[in-house]
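*Asks:*
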Amino acid sequence: MRHTISVLVENKFGVLARIATLFAARGFNIDSLAVGETEDPAISRMTIVVKGDDDILEQVTKQLNKLVDVIKVNDFNDVGYVERGLALLKINVTKSNRAEIMQMVDVFRAKIIDVSQDSIIAEITGDEEKIDAFVKMIMPYGIKEMCQTGTVALARGNK
Amino acid sequence: MEKTGAQILVESLLKENVEVVFGLPGGQALPIFDAIHGSKLNFVLTRHEQAASHMADGYARSTGKPGVCIVTSGPGATNIVTGLATAYMDSVPLVAFTGQVSTAVIGQDAFQEADTTGITRPVTKHNFLVKDVKNLAKTIKEAFYIATTGRPGPVLVDIPVDVQRGICEFEYPEKIDIRSYKPTIHGHSGQIKKAAEIINKSERPVLYIGAGVVVSNAEPEILEMSKKSDIPVTNTLLAVGAYPHDTKLSLNMLGMHGTFWANRAVQNADAIIAVGARFDDRCTGKVCDFAKSANIIHIDVDPTSIAKIIDSDIPVVGDAKTILKELIPLVKKAERKDWIEKIEKWKKEAPLEFDRNDDKVHPQYVIEKLSEMTKGEAIVTTEVGQHQMWAAHYYKAAKPRNFISSGGLGTMGYGFPAGLGAKFGNMDKEVIVIAGDGSFQMNMQEMAVSMLNKANVKVVILNNQYLGMVRQWQQMFYEKHYSHTCLAKRKGCPDLCNTPDRDKCPVYLPDFVKWAESYGALGIRVQSKKDIEPALKKMLETDNSVVLDIWTEIEENVFPMVPAGASLDDIITRMNG
Ligand SMILES: Cc1ncc(C[n+]2csc(CCOP(=O)(O)OP(=O)(O)O)c2C)c(N)n1
Ligand SMILES: [Mg+2]
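Protein chains in written order, with this note's numbering: chain Z, 55 to 213; chain A, 775 to 1351.
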């Protein structure tokens, strides 16, 4: 099962290495990882997306909590949350398919951020599903290069 | 007052009431050693940094206080990695300080640079690289706090040489608060109630106790609970001595080399109350066959220990002593006659045994005698191997801190330096190292420390001429292929020898008696049964370091034994049986 885990950590040197080591030592593959400062500059939030057995995940969550620099761990699967990632795609274009691609970009509410003779760069934000769907649609035109940020997520406010 | 980083370190250690520090200097630790020079700090110079880390460990296990070592950068730091890993596995509070190259050249492969915090990250509870002298005092305070609270463990502080030389105002923090580190002490009272209900309903409960009981000094509570509700108690290797020996409720050790009756009791229990134990594979045997009909209550200060290996029905996170104090009043008085009788029957069916009537030198007999003569009051440390298991079976330690052994990592070379460390914390007590001839050779250079400090540590080498534990596995599971386990084998021996015979084998190296004498220690060789007791007596009477080189039966094996990966039900109690 896919889990989105949010880890609040002290914004200190070496913390990322500790967390990466912990996952590696337990043979856990990280799908995506995003790190950044929070509203409090002394605290960073790491958003980690992993797929795995619930038992192993429980163990990983506990191990994360045990790290001295970790302040709080939340498995967002237990609560309502929103998540976003961002992808940049450099797409092959020709005179004949340019309009078609533009339309696709529009439908997905993506943005064109660079244009050249034979390629464009599109920027898309959304959850994993949306980004995957966009990539799938664009694939037949030829993706020259692509890069993605890790997913970031927040729990929803109280209703 | 303004002080240098090195002075701050020394002053901070004194503020932490550190009685003794073990270590060895080097280029990137020179300012620290200069600050130690002429200070009140009691520093013990070891002959190898690995030994310094084990000494700090032995000191910590025997006293319950944190052990401290200081070594230089690079090779000094890498030499303590085994000591840190040993302490980490067995939850021992250590604080290790390492010198580091100057902050300006970190990352440039400078002379004697190693990424010490990187290398030690997986084998420490936490580690720090101090980049600014202003943070040094606070970091030291945090290091001691982290090492000694919650589930204890080793903490390393890496101090670059320019930070050691740097100057700042020194004030040692009085209090400490780490927002991201808050160990749980009090158990959840709802869970404790549920645990009591399970115990009260059970007919065949077993208490399974580990190092956590020793760490939290919960032996009195374990005794009270077991007596109140007639619950038999089995212990891990690290909790030998935490429960009185030879009572009707004592089961002795469980697991791979546990007693027949402890393993039978666990497998037939309807409730297991695990306290400060982590269901290590050496205890559980084949996990899916472990205590199948039991409800499992798991009390542990470390949440990651819970449900890691065995799912527990009632987990309770917190300090063992605190939780037991709350649990005991809820547990009903009980008498479990049938259950205890059943256990008595198992005790008679397959007791711990060796041939007492022949005149061979059985290693078990040596330890049994030693236990009788010291009444379990001496601190015994062990190396790793067969002798370690015999020590666990036959040395009746009067309290858990009198039996010290590397359990989780199984580190050969641990016992002798750990014994020295224990001695520095207990100068008034007898400290005896039960050593294998193989393990002892891994850190025997520390005899200099014993002699020069008049530590008078006693070493009993159970010399079987083999890396005996490995030889036993080769005998039982690898068709007696004694591949590279004979310590006497030399050029000219038959290639595939599996018929050792002291009279025909090459002379053993080294001659431990002459070796001991070269240090000014007393060395005694024992080759016959009748000489065992007099030699032990002489050893205990001697006001010097002593080495007994006891030539035991060569192919004696440790039983009972549960083969690796087998269920505890499949315990073998004797050879071919
Ligand atoms: C540092 C280290 N290396 C290797 C081993 C594997 N090992 C476990 S027991 C053992 C043999 C120990 O021999 P000895 O000290 O003579 O004890 P004995 O079993 O003969 O009593 C070995 C090699 C280990 N535990 N630790
Ligand atoms: Mg041996």
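Ideal Cβ placement from N, Cα and C applies to all residues, glycine included.
1. Give a yes or no on whether the C-beta atoms belonging to A:Pro1268 and A:Ile1328 are separated by under 7 Å.
2. Are the beta-carbon atoms of A:His1031 and A:Met863 separated by less than 7 Å?
3. Let's see if you can read the secondary structure: which residues bound the alpha helix (DSSP H) around A:Gly850?
4. For A:Ala1081, go through chain Z and note every residue whose CB falls closer than 9 Å to its CB, in chain order.
5. For A:Tyr1240, verify whether its CB is less than 6 Å away from any heavy atom of ligand 2.
6. Use the C-beta contact count for A:Ala754: other C-beta atoms within 10 angstroms, 16 or more gives buried, fewer gives exposed.
7. Roughly how far, in whole angstroms, is the beta-carbon of A:Gly1187 from the beta-carbon of A:Gln824, given that I think they are within contact range, below 8 Å?
8. Count the other CB atoms within 10 Å of the CB of Z:Gln113; is the residue buried (16 or more) or exposed (fewer)?
9. Considering just the uninterrupted stretch of the beta strand (DSSP E) at Z:Val104, what are its terminal residues?
10. Mind listing the chain Z neighbours of A:His900? Cutoff is C-beta to C-beta under 7 Å, in chain order.
11. Ordered along the chain, which non-local residues of its own chain (more than five positions away) have a Cβ less than 6 Å from that of A:Ala1081?
12. Any beta-carbon of chain A closer than 7 Å to the one on Z:Ile125?
13. What did DSSP end up calling A:Ala870 once you bin it into helix, strand or coil?
14. Considering Cα atoms alone, identify which of A:Gln938, A:Val935, A:Trp1113, A:Glu916 is closest to A:Arg953.
15. Are at least three pairs of beta-carbons, each pair with one atom in the segment 842-860 of chain A and one in the segment 950-969 of chain A, less than 8 Å apart?
16. Taking the CB atoms as reference points, tell me whether A:Phe1053 and A:Ile1097 lie closer together than 7 Å.
17. So who's on the other strand from A:Met1335, going by DSSP bridges?
18. At a cut of 8 Å, does the segment 898-915 of chain A reach the segment 777-788 of chain A through at least three beta carbon pairs?
19. Between A:Glu971 and the rest of its own chain, which residues show a CB-CB distance below 7 Å, the 5 nearest in sequence each way excluded?
20. A:Pro1077 CB to nearest chain Z CB: under 7 Å?
21. Whose C-beta lies closer than 6 Å to the C-beta of A:Ile1298 among residues of the same chain, with five residues either side of it excluded?
22. With 7 Å set as the bound, which would you pick, yes or no: does the beta-carbon of A:Arg895 sit closer than that to a beta-carbon of chain Z?
23. Hey, does A:Ser954 have any beta-carbon neighbour from chain Z nearer than 7 Å?
24. Counting along the chain, where does the beta strand (DSSP E) carrying Z:Asn202 start and finish?
25. Counting C-beta neighbours from all protein chains within 10 Å, is the total for A:Gly1351 16 or more, i.e. buried, or is it exposed?
26. Kindly examine ligand 1 and report whether one of its heavy atoms sits closer than 6 Å to the Cβ of A:Gly1193.
27. Cβ of Z:Ala207 within 7 Å of Cβ of Z:Phe82?
28. With respect to 6 Å, is the separation between the Cβ of A:Asp1211 and the closest non-hydrogen atom of ligand 2 below this value?
29. Could one say the Cβ of Z:Thr75 lies closer than 7 Å to chain A's Cβ atoms, at least one of them?
30. Exposed or buried, what is A:Val1332 when buried is set at 16 or more other beta-carbons lying within 10 Å of its beta-carbon?
31. Apply the 10 Å Cβ neighbour rule to A:Thr860 and answer buried if 16 or more other Cβ atoms are within range, or exposed otherwise.
32. Tell me the start and end of each unbroken alpha helix (DSSP H) in the segment 785-870 of chain A that is at least 4 residues and wholly inside, in chain order.
33. In angstroms with no decimal places, state the Cα-to-Cα distance between A:Lys1099 and A:Glu995.
34. For a quick check, are the C-beta atoms of A:Glu1157 and A:Gly1242 less than 7 Å apart?
*Replies:* According to the structure data:
1. Stepping through the second sequence from its first residue, residue 1268 of chain A is reached at position 494. Stepping through the second sequence from its first residue, residue 1328 of chain A is reached at position 554. No. Outside cutoff.
2. One-based indexing of the second sequence puts residue 1031 of chain A at position 257. One-based indexing of the second sequence puts residue 863 of chain A at position 89. No. Outside cutoff.
3. Translated into the one-based positions of the second sequence, residue 850 of chain A becomes position 76. Taken as a continuous stretch (DSSP letters only), the alpha helix (DSSP H) holding A:Gly850 covers 849-853.
4. Along the second sequence, one-based indexing puts residue 1081 of chain A at 307. Under the 9 Å cutoff, chain Z gives Asp109, Glu112, Gln113, Lys116.
5. As a working mapping, residue 1240 of chain A is identified with position 466 in the second sequence. Answer for A:Tyr1240: yes, Cβ within range of ligand 2.
6. The first residue shown for chain A is 775 and the last is 1351, placing residue 754 of chain A beyond what the model contains.
7. For the purposes of this step, residue 1187 of chain A is identified with residue 413 of the second sequence, where counting begins at 1. For the purposes of this step, residue 824 of chain A is identified with residue 50 of the second sequence, where counting begins at 1. The pair is a contact, with the Cβ atoms about 7 Å apart (cut-off 8 Å).
8. Start at 1 with the first residue of the first sequence, and residue 113 of chain Z comes out as number 59. So Z:Gln113 counts as buried.
9. In the first sequence, residue 104 of chain Z corresponds to position 50, counting from 1. Its beta strand (DSSP E) spans residues 97-105.
10. If you number the second sequence from 1, residue 900 of chain A lands on position 126. Near A:His900 (Cβ distances below 7 Å), the residues of chain Z are Val122.
11. What you label residue 1081 of chain A is simply residue 307 of the second sequence in a count that begins at 1. No residues qualify anywhere along the chain.
12. If you number the first sequence from 1, residue 125 of chain Z lands on position 71. Closer than 7 Å to some Cβ of chain A, the Cβ of Z:Ile125 qualifies, so yes.
13. Here the question's residue 870 of chain A lines up with position 96 in the second sequence. Strand, per DSSP.
14. Counting from 1 along the second sequence, the entry for residue 953 of chain A is found at position 179. Checked all of A:Gln938, A:Val935, A:Trp1113, A:Glu916; the closest Cα to A:Arg953 is A:Glu916.
15. no
16. As a working note, residue 1053 of chain A is residue 279 in the second sequence. As a working note, residue 1097 of chain A is residue 323 in the second sequence. Cβ distance not < 7 Å, so A:Phe1053 and A:Ile1097 don't count as in contact.
17. Numbered from 1 along the second sequence, position 561 holds the residue referred to as residue 1335 of chain A. Paired residues: A:Ile1346.
18. yes
19. On the second sequence, residue 971 of chain A is found 197 positions in, with the first residue counted as 1. Cβ within range, chain order: n/a, list empty.
20. Residue 1077 of chain A sits at position 303 when you count from the first residue of the second sequence. Yes, because at least one Cβ of chain Z sits closer than 7 Å to the Cβ of A:Pro1077.
21. Position 524 of the second sequence, counted from the start, is the residue given in the question as residue 1298 of chain A. Around A:Ile1298: Ala1309, Leu1322.
22. As a working note, residue 895 of chain A is residue 121 in the second sequence. True, the Cβ-Cβ gap to chain Z drops below 7 Å.
23. In the second sequence, the residue the question calls residue 954 of chain A occupies position 180. Taking Cβ atoms only, chain Z reaches closer than 7 Å to A:Ser954, which makes this a yes.
24. Walking along the first sequence from the start, residue 202 of chain Z turns up at place 148. Before going further, note that residue 202 of chain Z is Gln rather than Asn in the sequence given. Its beta strand (DSSP E) spans residues 197-202.
25. Position 577 of the second sequence, counted from the first residue, corresponds to residue 1351 of chain A. Confidence at A:Gly1351 is low in this model, with a pLDDT of 42, below 50, so its placement is unreliable and the value that follows should be read with caution. Result: exposed.
26. If you number the second sequence from 1, residue 1193 of chain A lands on position 419. Answer for A:Gly1193: no, Cβ out of range of ligand 1.
27. Sequence index remark: in the first sequence, residue 207 of chain Z carries index 153 (1-based). Sequence index remark: in the first sequence, residue 82 of chain Z carries index 28 (1-based). No. Outside cutoff.
28. On the second sequence, position 437 is the one that residue 1211 of chain A refers to. Yes, ligand 2 has a heavy atom inside 6 Å of this Cβ.
29. Position 21 of the first sequence, counted from the start, is the residue given in the question as residue 75 of chain Z. It does; some Cβ of chain A falls within 7 Å.
30. Here residue 1332 of chain A corresponds to residue number 558 of the second sequence, with the count starting at 1. That one is buried.
31. Taking the first residue of the second sequence as 1, we reach residue 860 of chain A at position 86. By the neighbour-count rule (16 or more Cβ atoms within 10 Å), A:Thr860 is buried.
32. 804-810, 823-837, 849-853, 855-863
33. Position 325 of the second sequence, counted from the start, is the residue given in the question as residue 1099 of chain A. Position 221 of the second sequence, counted from the start, is the residue given in the question as residue 995 of chain A. Cα-Cα distance, rounded: 7 Å.
34. One-based indexing of the second sequence puts residue 1157 of chain A at position 383. One-based indexing of the second sequence puts residue 1242 of chain A at position 468. Contact flag unset, no.
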